[in-house]
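Each residue of the sequence shown is one higher than the one before, counting from -9 in the numbering used here.
Built from N, CA and C at the ideal position, the CB exists for glycine as well.
For reference, the structure is listed below as structure tokens.
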Amino acid sequence: MLKIEDLSAFYGKKQVLFNLSFNLERGKFTAILGKNGSGKSSLLSCLASQKRYSGKILLGEREISEIPPRERAKIISCLPQNLPLTQFSVRETVAFGREPYISFKLTDSDNEIIEKSIEKCGISHLKDKVLTEISGGERQMAYLAMTLAQDADILLLDEPTTYMDAPNAREFLSTLKQAQSEGKTVAAVMHDLTAAVKYADNIILIDTGKIVFAGTREKCI
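Quick look at the structure:
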């Protein structure tokens, strides 16, 4: 479980998060919702230790910002909203997820995890394609496979289905749900309340940097 206590954050002198306290329950899918500019992405950046904050983010008794980056990357993986488009193949892209584990080169175990992650995302037929040769939805599935290949316990995703059509978005979220069923803890910033209620176990609603609701989807409906 990730325990957040009195979390606040700033952009420059502007405060964007105000004393947030909640838990990301182990093995649950938590959707984070709110209007544009409400602080959702800032919150996710704090959880991923990509943005400075005050307060505490605890993994057990450990403050996550004090965990060495390589060790932390084996615990928490984060898929941001935008990644640079490269000339790497799908398989090469997914292989980047193994970076926290690699000393010199990919091992047989690494390669097995890469192949399984690609298969889980249904893109085995694309693994030799360059990212620029496939559709936006297919690229997002490749990035999800990269996130899964990192084999972290906690998956953080920032509006991962924003630019996907409905069928691809459903496939993406179903794959995330499958990862959760295998024991992963998932937290995703989402913009679609209907999808959040369908796929998430818990809902967090943020408005102007403050939590206005945190609870189960049943209580949110």
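Are the beta-carbon atoms of V187 and L147 separated by less than 8 Å?
Position 197 of the sequence shown holds residue 187. Position 157 of the sequence shown holds residue 147. Going by C-beta atoms, V187 is not nearer than 8 Å to L147.
Please list, in chain order, all residues of the same chain as V202 whose beta carbon is under 6 Å from its beta carbon, the five residues on each side excluded.
Here residue 202 refers to the residue found at position 212 when the sequence shown is read from its first residue. Apart from sequence neighbours up to five positions away, the residues of its chain that approach V202 with a beta-carbon distance below 6 Å are L195, ordered along the chain.
In chain order, what residues of the same chain lie with their CB nearer than 7 Å to the CB of T165, ignoring the 5 residues before and after it?
The count along the sequence shown starts at 1 and reaches residue 165 at position 175. Counting only Cβ-Cβ distances below 7 Å, and skipping sequence neighbours, we find K110, C111, L134.
Assign I92 to one of two classes, buried (16 or more other C-beta atoms within 10 Å of its C-beta) or exposed (fewer than that).
As a first step, residue 92 must be located in the sequence shown, where it is residue number 102. Classification of I92: exposed, given that the 10 Å Cβ count is below 16.
Out of S114, G199, Q5, which one is the CA nearest neighbour of V84?
What you label residue 84 is simply residue 94 of the sequence shown in a count that begins at 1. Considering only alpha carbons, the answer is S114.
Counting pairs of beta carbons, one from the region 87 to 104 and one from the region 54 to 65, are three or more of them closer than 8 Å?
In this structure the region 87 to 104 lies against the region 54 to 65, because at least three pairs of beta carbons, one per stretch, are closer than 8 Å.
What's the gap between the Cα of K167 and the Cα of D197?
Against the sequence shown, residue 167 aligns to sequence position 177. Against the sequence shown, residue 197 aligns to sequence position 207. Taking the straight line from one Cα to the other gives about 26 Å.
Residues near T97 by beta carbon distance below 6 Å, same chain, minus five either side
Looking up residue 97 in the sequence shown gives position 107. For T97, there are no CB contacts under 6 Å within the same chain when 5 residues up- and downstream are skipped.
Is the region 29 to 46 touching the region 116 to 126 in the sense that three or more CB pairs, one from each, lie closer than 8 Å?
Touching, no.
May I ask you to verify whether the region 51 to 58 touches the region 15 to 25, counting CB pairs closer than 8 Å and requiring at least 3?
Cβ pair count under 8 Å is below three, so no.
I need the straight-line Cα distance from M154 to K4, nearest angstrom please.
The count along the sequence shown starts at 1 and reaches residue 154 at position 164. The count along the sequence shown starts at 1 and reaches residue 4 at position 14. Here the alpha carbon of M154 sits roughly 32 Å from the alpha carbon of K4.
Based on the DSSP output, what are the partners of C210 in its beta bridges?
As a position in the sequence shown, residue 210 is number 220, starting the count at 1. Paired residue(s): none; C210 is not in a bridge.
Nonlocal neighbours in the same chain, by C-beta distance under 7 Å from K200, ignoring five residues either side:
Residue 200 sits at position 210 when you count from the first residue of the sequence shown. Result list for K200: F8, in chain order.
For F94, is the classification buried or exposed, using 16 other Cβ atoms within 10 angstroms of its Cβ as the cut-off for buried?
Along the sequence shown, read from residue 1 onward, the residue named residue 94 stands at position 104. Flag for F94 reads exposed.
Cα separation between E172 and N13?
Here residue 172 is taken as the residue at index 182 of the sequence shown, counted from 1. Here residue 13 is taken as the residue at index 23 of the sequence shown, counted from 1. Using only the alpha carbons, I get a separation of about 20 Å.
At what residues does the beta strand (DSSP E) containing Y1 begin and finish?
Along the sequence shown, one-based indexing puts residue 1 at 11. -8 to 1 is the span of the beta strand (DSSP E), which, as asked, contains Y1.
Sheet register partners of K46 (DSSP bridge):
Within the sequence shown, the letter at position 56 stands for residue 46. DSSP, once it has assigned bridges, lists E(-5) as partnering K46.
Note the first and the last residue of the continuous alpha helix (DSSP H) segment covering F8.
Here residue 8 is taken as the residue at index 18 of the sequence shown, counted from 1. Not the alpha helix (DSSP H): F8 falls in the beta strand (DSSP E), residues 4 to 14.
Just how far apart, CA to CA, sit K174 and A142?
Counting from 1 along the sequence shown, the entry for residue 174 is found at position 184. Counting from 1 along the sequence shown, the entry for residue 142 is found at position 152. When only Cα atoms are considered, K174 and A142 end up about 8 Å apart.
Starting from N101, trace the alpha helix (DSSP H) both ways and give me its first and last residue.
As a working mapping, residue 101 is identified with position 111 in the sequence shown. Residues 98 to 110.
Leaving out the 5 sequence neighbours to the left and right, which residues in its chain are closer than 8 Å to L73 when beta-carbon positions are compared?
For the purposes of this step, residue 73 is taken as residue 83 along the sequence shown, with counting starting at 1. Annotation for L73: Y133 place their beta carbon closer than 8 Å to its own, counting only its chain and skipping 5 residues before and after.
Please classify P58 as buried or exposed, where buried requires at least 16 other C-beta atoms within 10 Å of its C-beta.
Here residue 58 refers to the residue found at position 68 of the sequence shown. Burial call: exposed.
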